[in-house]
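Colleague: Residue numbers (numbering that gives the first Met the number 0): 0 to 683.
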Amino acid sequence: MTTSQGDIQPAPRRRRRPAVSKNQHSIDSSVVQSPVAEEEQKQSSQSKKLSWKLFGTLHFISNDQGHHNIMSGSRLYGESHAFGLVTHFADLLPLDELIFRRIEESASFISTLKRCKELARVIKKSRAPTWPTLPTFDLPPKQVCDELLDCYLRTSESIYRVVHIPSFKKQYDALWTSGPVRSNPVDIDVVDATTRLKRPKSTIAAFFVLLKLALAIGAAVYDESFSFRTAAVRWMYEAESWLSEPNVKSRLGIQSLQIHILLLLARDVVRVGGDTVWLSAGELLRSAIFLGLNRDPAHLPVGRRALAAEMRRRLWSTVLEISVNSAMAAGGPPLISLDDFDTTAPGNFDDEQLEFAPTGPDMYPEPLETWTTTSLSIALRRTFPTRVAVVAFLNGFRSHRSHENTLVLDKQLRTALRELQQTVSSLLESGCDTKQAQFAIRTIEFVTHRFLVALHMPFFALSLKDRTQFMYSRHVLVESALRICQAAEPAAGHGGDDFARSCTNGSISNRLVIVQASLVVAVEIHVQVKETLNVDGRATLRSDMVAVPRASRDWALRCIECGETNVKGFCFLASLAAYSEALIERPELERSETADVLCKTMEESADVCLSILQKTSDRLMSPTSASPEELDAMGDPHLPVPDFSSRSRSGPSSIGDLDFFDFDTLLTMPNTNTNDPMNWWFEG
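#1: Which of helix, strand or coil does DSSP assign to residue 458?
#2: Indicate whether residue 346 and residue 403 have their beta-carbon atoms separated by less than 7 Å.
#3: Residue 601 lies in the alpha helix (DSSP H); which residues open and close that run?
#4: How about the region 368-385 and the region 112-127: do they share at least three Cβ pairs that are nearer than 8 Å?
#5: My output table needs one value for residue 312: the three-state DSSP class, helix, strand or coil.
#6: Going by beta carbon distance, what residues of the same chain come within less than 8 Å of residue 604, once the five residues before and after it are set aside?
#7: Considering only the alpha carbon of each residue, which of 401, 454, 435 lies closest to residue 412?
#8: Are residue 79 and residue 267 close, meaning C-beta to C-beta below 7 Å?
#9: Count the other CB atoms within 10 Å of the CB of residue 277; is the residue buried (16 or more) or exposed (fewer)?
#10: Classify residue 424 as helix, strand or coil using the three-state DSSP reduction.
#11: Which partner residues of residue 75 appear in the DSSP bridge assignment?
#12: Looking only at its own chain, which residues have a Cβ that is under 8 Å from the Cβ of residue 282, when we skip the five neighbours before and after it?
#13: For residue 582 versus residue 84, is the C-beta spacing smaller than 7 Å?
#14: For residue 462, which residues from the same chain have a beta carbon less than 7 Å from its beta carbon, with the 5 sequence-adjacent residues on both sides left out?
#15: Do residue 375 and residue 216 count as a contact pair if the criterion is CB distance below 7 Å?
#16: Would residue 135 be called buried (16 or more neighbouring beta carbons within 10 Å of its own) or exposed?
#17: Threshold first: 4 residues or longer. Then list the alpha helix (DSSP H) segments lying entirely within the region 122-159, N to C.
#18: Return helix, strand or coil for residue 500, following the three-state DSSP convention.
#19: If we ignore side chains and look at the alpha-carbon of each, how far apart do residue 296 and residue 619 end up?
#20: Quick check on the DSSP output: the alpha helix (DSSP H) that includes residue 222 runs from which residue to which?
#21: Using three-state DSSP, classify residue 340 as helix, strand or coil.
#22: Inspect the CB distances between the region 306-324 and the region 146-153 and report whether three or more fall short of 8 Å.
#23: Would a C-beta distance cut-off of 7 Å place residue 219 and residue 504 closer than the cut-off?
#24: When the distance is taken between beta carbons, is residue 279 closer than 7 Å to residue 263?
#25: Work out the CA separation of residue 250 and residue 341 for me, nearest whole Å.
#26: When you compare only the Cα positions, how much space is there between residue 113 and residue 315?
#27: If we count the other Cβ atoms within 10 Å of its Cβ and call it buried at 16 or more, is residue 543 buried or exposed?
#28: What did DSSP end up calling residue 98 once you bin it into helix, strand or coil?
#29: Does DSSP put residue 240 in a helix, a strand or coil?
#30: Compute every distance between the C-beta of residue 463 and the non-hydrogen atoms of the ligand MN, then say whether any falls below 6 Å.
#31: So what does DSSP say about residue 571, is it helix, strand or coil?
#32: Is residue 608 closer than 7 Å to residue 224 when the C-beta atoms are compared?
#33: Do residue 577 and residue 547 have their CB atoms nearer than 7 Å?
#34: Taking three-plus beta-carbon pairs below 8 Å as touching, is the region 415-431 in contact with the region 477-490?
#35: Going by other Cβ atoms of all chains shown within 10 Å of its Cβ, with 16 needed for buried, is residue 300 buried or exposed?
Right under this line is the structure:
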């Protein structure tokens, strides 16, 4: 085909792009920039750097709005993180370059610290089982299991409701009344006697995983030495392996959600990945929303059983607690707001009331002044709106930071705490379990004071310059820090203080808070010594304040003796105690003398830790030296397992009309996830 010359059109000329250097963007940012971004550019950001061999390199970032972030390596922490304290207090203690250099140049301290780290790796490796760790039927003897389960029920379950206790105990009791175990749960199929259908392999394993997580949490308060720590780590690994199954849909059920909740609680208590719970809490929150727990059961077709509705409310409250507490510990935003759910707080019911509750809306909760197994969970839920606002205020980089807003949140927190104390007083008069109530009360007060410390911390340094405007924040900060430090001490007259044990044996978040509070008290002592000198040259200090540094040091030493492997916390608190005592004796302490005191204390503390870690390592590496508790945790080879293929009246099928464990019925339930026997109960 031919074309004429007039038909030919010249090819369009391609416009050459302007050269772009490596340091330029190909698109002009001023064209697409939002007003928010433009406003952010106007804010001046400041950054300073602190490098120390003990803690690595920290970058402190702040802007004109008063927000502070800390970057350690590739991790960014908000102001509620324990590192946030360093941002405000780094210049208040005499920790200058001279002292840092003296400590870092101490060959004895550095070599001992290096050896401690090597032993810590050996200890952690010896505790960790192989991966993946398939769930097994191995459990300690029944008497030990009974005690571990009771420890869990009277501590964690009293605040963070996860299971329906009567139903859980019936299934637990059934474990010890059936035939012997001959293989792993993942290798067993249970055949239905009527339909001849096989129960999924994961059904039996799921309850064992749930039970072992409860035992792991209870092990932290079982005794003073956390003798079941190695077993607790293994039980957690089994749960992690079970939840890591590639088939995600098989884990979208109520029982899987319960396992996920207990796993996150156990990670914090047993200190296995406890510092990253906030990351996993995001998946937990979305799983709960996917199951509709963020909508109140009154708006959903989940059945008319009172138990179904109440368990959904209880689980959602626990999910909220994990979300806000993990965000507080990680220094991250809560990622949940009051607009994201309408699920009401649980009703004030005892578990036994719900077990045989009638269908329909005929159940009426007890008055809030009446003690039930849910009373303390309800009391904590009432403080959630204020606590989530505090976390968003501290860690949201666009929140408007001001002392006025701080005082508003402070008033709300104090009002909630006052109402809580009044409620607890009424509950104690109504005949509640005193030991259980004491643990829950101290836990809730600990949480509240933790939020008050984080809220007022940014204004401590300002209070030293402006006593009229910011003195209240200083007072609240110091008093709350004192309450936190005192909570870690065993209560007088209580044999086996559960809360003190939980602070010593477990809960990495609680430990960081105690270290943080101890630093607040040490700084206050330093400031008061410089401010309030008597004519004889000695400062007048409160006795309870003076006792804190030494008590915190002794507490940190108990943590090492109970199996903790991170020695930096003890060395740090020991140096604070030595400095505080030296300062009280000689207020005009010279810099060189301060360096001598801190350097000597660091060396002595590291030597003490090395001796303890060496003994722990030798014991773990030598099976013949295992404690009786560790041998018990290896499992009972004769442990029975429920015979789900029969309908023995001595087993779980003897419950009656509410035949919760009747798997024959479960298999024929319409629209039921057969991998999760809990679904039938909770979905009505």
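Glycine residues also receive a C-beta, built at the ideal position from the N, C-alpha and C atoms.
Please read these numbers as outputs of a predicted model, since none were measured by experiment.
Modeller: Concretely, from the data shown:
#1: Here residue 458 refers to the residue found at position 459 of the sequence shown. Looking at residue 458 - three-state DSSP - the assignment turns out to be helix.
#2: As a first step, residue 346 is located in the sequence shown; it is residue number 347 there, counting from the start. As a first step, residue 403 is located in the sequence shown; it is residue number 404 there, counting from the start. Cβ atoms of residue 346 and residue 403: not closer than 7 Å.
#3: Taking the sequence shown and counting its residues from 1, one reaches residue 601 at position 602. Residues 590-620.
#4: no
#5: Position 313 of the sequence shown, counted from the first residue, corresponds to residue 312. Helix.
#6: Residue mapping note: residue 604 aligns to position 605 of the sequence shown, counting from 1. Closer than 8 Å at Cβ, skipping near neighbours: 566, 569, 570, 573, 574.
#7: Within the sequence shown, numbered from 1, the residue matching residue 412 stands at position 413. Of the candidates 401, 454, 435, the one whose C-alpha sits nearest the C-alpha of residue 412 is 454.
#8: Reading the sequence shown from its first residue, position 80 is the one you call residue 79. Reading the sequence shown from its first residue, position 268 is the one you call residue 267. Result no, Cβ atoms of residue 79 and residue 267 do not sit closer than 7 Å.
#9: Mapped onto the sequence shown, residue 277 falls at position 278. So residue 277 ends up on the buried side.
#10: To locate residue 424, count along the sequence shown from 1; it is residue 425. In the structure shown, residue 424 sits in a helix (DSSP, three-state: H, G or I).
#11: If you number the sequence shown from 1, residue 75 lands on position 76. Its beta-bridge partners are 70.
#12: Locating residue 282 in the sequence shown gives position 283, counting from the first residue. 259, listed in sequence order.
#13: What you label residue 582 is simply residue 583 of the sequence shown in a count that begins at 1. What you label residue 84 is simply residue 85 of the sequence shown in a count that begins at 1. Cβ distance not < 7 Å, so residue 582 and residue 84 don't count as in contact.
#14: As a position in the sequence shown, residue 462 is number 463, starting the count at 1. These residues qualify, in order along the chain: 469, 470, 472, 473.
#15: Numbered from its first residue, the sequence shown carries residue 216 at position 217. Numbered from its first residue, the sequence shown carries residue 375 at position 376. Not a contact, by the Cβ cut-off of 7 Å.
#16: Mapped onto the sequence shown, residue 135 falls at position 136. The residue in question, residue 135, is buried, as its Cβ has 16 or more Cβ neighbours within 10 Å.
#17: 141-153, 155-158
#18: As a working mapping, residue 500 is identified with position 501 in the sequence shown. It is helical.
#19: If you number the sequence shown from 1, residue 296 lands on position 297. If you number the sequence shown from 1, residue 619 lands on position 620. Cα-Cα distance, rounded: 49 Å.
#20: Walking along the sequence shown from the start, residue 222 turns up at place 223. No alpha helix (DSSP H) contains residue 222, which DSSP labels as neither H nor E.
#21: Reading the sequence shown from its first residue, position 341 is the one you call residue 340. Three-state DSSP puts residue 340 in coil, outside helix and strand.
#22: no
#23: Here the question's residue 219 lines up with position 220 in the sequence shown. Here the question's residue 504 lines up with position 505 in the sequence shown. It is a contact, given that the beta carbons lie within the stated cut-off.
#24: As a first step, residue 263 is located in the sequence shown; it is residue number 264 there, counting from the start. As a first step, residue 279 is located in the sequence shown; it is residue number 280 there, counting from the start. The answer is yes: Cβ separation under 7 Å.
#25: Position 342 of the sequence shown, counted from the first residue, corresponds to residue 341. Position 251 of the sequence shown, counted from the first residue, corresponds to residue 250. Cα to Cα, the separation comes out at about 25 Å.
#26: Here residue 113 corresponds to residue number 114 of the sequence shown, with the count starting at 1. Here residue 315 corresponds to residue number 316 of the sequence shown, with the count starting at 1. Cα to Cα, the separation comes out at about 44 Å.
#27: Within the sequence shown, residue 543 is the residue found at index 544, counting from 1. Its Cβ having fewer than 16 others within 10 Å, residue 543 is exposed.
#28: In the sequence shown, counting from the first residue as 1, residue 98 sits at position 99. Helix.
#29: To locate residue 240, count along the sequence shown from 1; it is residue 241. Residue state, collapsed to three classes: helix.
#30: For the ligand MN, the structure offers nothing, since it holds no ligand at all.
#31: For this step, residue 571 is matched to residue 572 along the sequence shown. DSSP places residue 571 in helix when its eight states are reduced to three.
#32: Locating residue 224 in the sequence shown gives position 225, where the first residue counts as 1. Locating residue 608 in the sequence shown gives position 609, where the first residue counts as 1. No, the Cβ-Cβ distance between residue 224 and residue 608 is not below 7 Å.
#33: On the sequence shown, residue 577 is found 578 positions in, with the first residue counted as 1. On the sequence shown, residue 547 is found 548 positions in, with the first residue counted as 1. Not closer than 7 Å, so no.
#34: no
#35: Here residue 300 refers to the residue found at position 301 of the sequence shown. Exposed, because fewer than 16 other Cβ atoms sit within 10 Å of the Cβ of residue 300.
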